[in-house]
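Engineer:
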Amino acid sequence: MDRREFSSTLDKSALTPEELASRLSQTIEAGFVRQLNTDKNAAWQIMHGVLCYGDKLQIRDEHGGTTQATDYLLNGGLVDGFELQLGDDLLPVTQNLGVRARLEPGSYTGQGHVDQWIAVLAMAGIPADRKVKIGTSEKLVSDWARQAQYDVTRNPLDEFGWTLIALTYYLPEEPSWIAQGDARVTWEDLVAVEVDQDLNMAACGGTHRLCGIVHALQQKKRLKLSDSAVWQRADELVEKCKAEVREFRAPDGALSCNYFVRPGTSKDLSTELASAGHLFEFYALAATDDELKEPWVEVAANHICDLLDAAQAVDLECGALYHAIHGLKIYHQRRFESDD
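Residue numbers (the working numbering): 92 to 431.
Pasting the structure below:
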């Protein structure tokens, strides 16, 4: 869809906070009614829906009925690309086998990134004691998180953004642990790998790597862990990227299509939604409460609503769609729901 086909509200009078909150809610709800089903959509699409709507997401199963997506997936439902297996070794902490999802690097069907699925469950707020069925075995989401923790030393891709999201959510009191090979590993070790990566070469402009770093920084602050050169570099990187989100905006306030490289726009609505949505998701997570109240952030949020509203009848790529909505949800929760 051509970006020129819709009329942006950016040139209209600024919305009041109440009007903006209402518009965000309406746009988020509009995304909820999009229908995913197990015959046409793979795990990659459905798990992006789970990212936004968690246990509330309903999908159509192979029988044509409607079912809760998380229950279906975690109870052995058949979805292309969602393949779970038991771990190879007894885990040090539990002395039980953990849970591992099959990795398909770069896939748009299955898990394309290390620990992507368990991180999605974390961001969706799925509890650690939720049951997971694998064949005749019954495990817990916490067993999955423990496996991710144990497996960090055999990560084949040297990417830990998703891993950090999962570990800081499900194991928030364990910044240090024993991993496979009897190696002592810390959140800081994983962050050290992430800050050395070229964001411009990473998926989605590096926003997922940044979100992992942000989660780690937030938990580091909560636990009052000691400062170090690694943590300082991580904080500086996040602040630099936050500044670039603002600096690289278009004259109308839309976020850059070139992520953290330079300003840029696109005539293609789907392309713009993908970049704006990922950037806004990162910023909504990383910004302070006061920064989220700045007028330019309201303009950016309103613009993403415009993009989503204009594309309601379009079969959008699920990554762009659901990360944009997830960013709006984080923003709505922090900007408006926290004032209740």
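Backbone N, C-alpha and C define an ideal beta-carbon position, used for all residues, glycine too. From a predicted model like this one, the values you see are computed outputs, not experimental measurements.
Please state the DSSP three-state secondary structure of residue 277.
Structural biologist: Residue mapping note: residue 277 aligns to position 186 of the sequence shown, counting from 1. The answer is strand: DSSP assigns residue 277 an E or B state.
Engineer: Work out the CA separation of residue 300 and residue 369 for me, nearest whole Å.
Structural biologist: As a working note, residue 369 is residue 278 in the sequence shown. As a working note, residue 300 is residue 209 in the sequence shown. Approximately 11 Å, taken between the alpha carbons.
Engineer: Compare the beta carbon distance of residue 268 and residue 340 with 8 Å and say whether it is the shorter of the two.
Structural biologist: In the sequence shown, the residue the question calls residue 268 occupies position 177. In the sequence shown, the residue the question calls residue 340 occupies position 249. No, the pair does not count as a contact, with Cβ atoms beyond the cut-off.
Engineer: Taking 8 Å as the threshold (C-beta atoms), are residue 421 and residue 376 in contact?
Structural biologist: Taking the first residue of the sequence shown as position 1, residue 376 is located at position 285. Taking the first residue of the sequence shown as position 1, residue 421 is located at position 330. Closer than 8 Å, so yes.
Engineer: To the nearest angstrom, report how far apart residue 306 and residue 401 are at their CA atoms.
Structural biologist: Taking the sequence shown and counting its residues from 1, the one referred to as residue 306 is at position 215. Taking the sequence shown and counting its residues from 1, the one referred to as residue 401 is at position 310. Those two C-alpha atoms are separated by around 32 Å.
Engineer: In whole angstroms, what separates the C-alpha of residue 61 from that of residue 346?
Structural biologist: Beyond the ends of the chain as shown, which are 92 and 431, falls residue 61; an answer cannot be given.
Engineer: With 16 as the cutoff for other CB atoms within 10 Å, does residue 117 come out buried or exposed?
Structural biologist: Walking along the sequence shown from the start, residue 117 turns up at place 26. By the 10 Å Cβ count, residue 117 comes out exposed.
Engineer: Residue 231 and residue 245: beta carbons closer than 8 Å?
Structural biologist: The residue you call residue 231 lines up with position 140 of the sequence shown. The residue you call residue 245 lines up with position 154 of the sequence shown. For residue 231 and residue 245, no; Cβs fall outside 8 Å.
Engineer: Quick check: the region 135-144 against the region 198-214, are at least 3 beta-carbon pairs closer than 8 Å?
Structural biologist: yes
Engineer: Which residues does DSSP list as the beta-bridge partners of residue 229?
Structural biologist: Counting from 1 along the sequence shown, the entry for residue 229 is found at position 138. In the DSSP output, where bridge partners are listed per residue, residue 229 has 224.
Engineer: Which whole runs of the beta strand (DSSP E) in the region 258-325 are 3 residues long or more, in chain order?
Structural biologist: 267-270 and 274-277
Engineer: Less than 6 Å between C-beta atoms, sequence neighbours within five positions excluded: which residues of the same chain meet that for residue 210?
Structural biologist: Locating residue 210 in the sequence shown gives position 119, counting from the first residue. If we look at residue 210 and ignore the five residues flanking it on each side, its Cβ neighbours are 253, 256 and 257.
Engineer: Take the Cβ of residue 259 as the centre, count every other Cβ of all protein chains shown within 10 Å, and call the residue buried at 16 or more, exposed below.
Structural biologist: On the sequence shown, residue 259 is found 168 positions in, with the first residue counted as 1. Buried, since its Cβ has 16 or more Cβ neighbours within 10 Å.
Engineer: Are the region 319-332 and the region 381-399 touching by the rule of at least three beta carbon pairs closer than 8 Å?
Structural biologist: The region 319-332 makes no contact with the region 381-399, as fewer than three CB pairs between them are under 8 Å.
Engineer: Tell me the DSSP secondary structure of residue 418 in three-state form.
Structural biologist: Along the sequence shown, read from residue 1 onward, the residue named residue 418 stands at position 327. If DSSP states are grouped into helix, strand and coil, residue 418 belongs with the helices.
Engineer: For the alpha helix (DSSP H) holding residue 122, just list the boundary residues, first then last.
Structural biologist: On the sequence shown, position 31 is the one that residue 122 refers to. 108-123 is the extent of the alpha helix (DSSP H) around residue 122.
Engineer: Output yes or no for whether 8 Å exceeds the beta carbon distance between residue 286 and residue 328.
Structural biologist: Your numbering for residue 286 matches position 195 in the sequence shown. Your numbering for residue 328 matches position 237 in the sequence shown. For residue 286 and residue 328, yes; Cβs fall inside 8 Å.
Engineer: So, does the region 197-208 touch the region 170-181, judging by three or more C-beta pairs under 8 Å?
Structural biologist: yes
Engineer: If you run the structure through DSSP and keep just helix, strand and coil, what is residue 150?
Structural biologist: What you label residue 150 is simply residue 59 of the sequence shown in a count that begins at 1. If DSSP states are grouped into helix, strand and coil, residue 150 belongs with the strands.
Engineer: Please state whether DSSP places residue 242 in a helix, a strand or coil.
Structural biologist: Taking the sequence shown and counting its residues from 1, one reaches residue 242 at position 151. Note: residue 242 maps to helix in three-state DSSP.
Engineer: Taking the Cβ atom as the reference point for each residue, do residue 357 and residue 411 lie within a distance shorter than 8 Å?
Structural biologist: Here residue 357 corresponds to residue number 266 of the sequence shown, with the count starting at 1. Here residue 411 corresponds to residue number 320 of the sequence shown, with the count starting at 1. Result no, Cβ atoms of residue 357 and residue 411 do not sit closer than 8 Å.
Engineer: What whole-angstrom Cβ distance do residue 159 and residue 146 have, given they're in contact under 8 Å?
Structural biologist: By 1-based counting over the sequence shown, the position of residue 159 is 68. By 1-based counting over the sequence shown, the position of residue 146 is 55. About 6 Å; that satisfies the 8 Å criterion.
Engineer: Spell out the partners DSSP gives residue 383 in its beta bridges.
Structural biologist: As a first step, residue 383 is located in the sequence shown; it is residue number 292 there, counting from the start. In DSSP, residue 383 forms no bridge with anything.
Engineer: Suppose contacts are defined by Cβ-Cβ distances below 8 Å. Is residue 415 in contact with residue 399 by that definition?
Structural biologist: Locating residue 415 in the sequence shown gives position 324, counting from the first residue. Locating residue 399 in the sequence shown gives position 308, counting from the first residue. Yes, Cβ-Cβ distance for residue 415 and residue 399 is below 8 Å.
Engineer: Can you tell which of 351, 167, 154 and 261 has its C-alpha closest to the C-alpha of residue 227?
Structural biologist: In the sequence shown, residue 227 corresponds to position 136, counting from 1. Comparing Cα positions, the closest option is 167.
Engineer: Are residue 112 and residue 351 touching if we call contact CB-CB under 8 Å?
Structural biologist: Residue 112 sits at position 21 when you count from the first residue of the sequence shown. Residue 351 sits at position 260 when you count from the first residue of the sequence shown. Cβ distance not < 8 Å, so residue 112 and residue 351 don't count as in contact.
Engineer: Just tell me which of 308, 344 and 342 has its CA closest to the CA of residue 330.
Structural biologist: The residue labelled residue 330 in the question sits at position 239 within the sequence shown. Closest by alpha carbon: 308.
Engineer: Please classify residue 429 as buried or exposed, where buried requires at least 16 neighbouring CB atoms within 10 angstroms.
Structural biologist: Counted from its first residue, the sequence shown places residue 429 at position 338. Residue 429 is exposed by the Cβ-count criterion.
Engineer: Residue 207 lies in the beta strand (DSSP E); which residues open and close that run?
Structural biologist: Indexing the sequence shown from 1 puts residue 207 at position 116. Segment 207-214 is the alpha helix (DSSP H) holding residue 207; no beta strand (DSSP E) there.
Engineer: Quick check: residue 149 and residue 161, are their CB atoms within less than 8 Å of each other?
Structural biologist: Stepping through the sequence shown from its first residue, residue 149 is reached at position 58. Stepping through the sequence shown from its first residue, residue 161 is reached at position 70. No, the pair does not count as a contact, with Cβ atoms beyond the cut-off.
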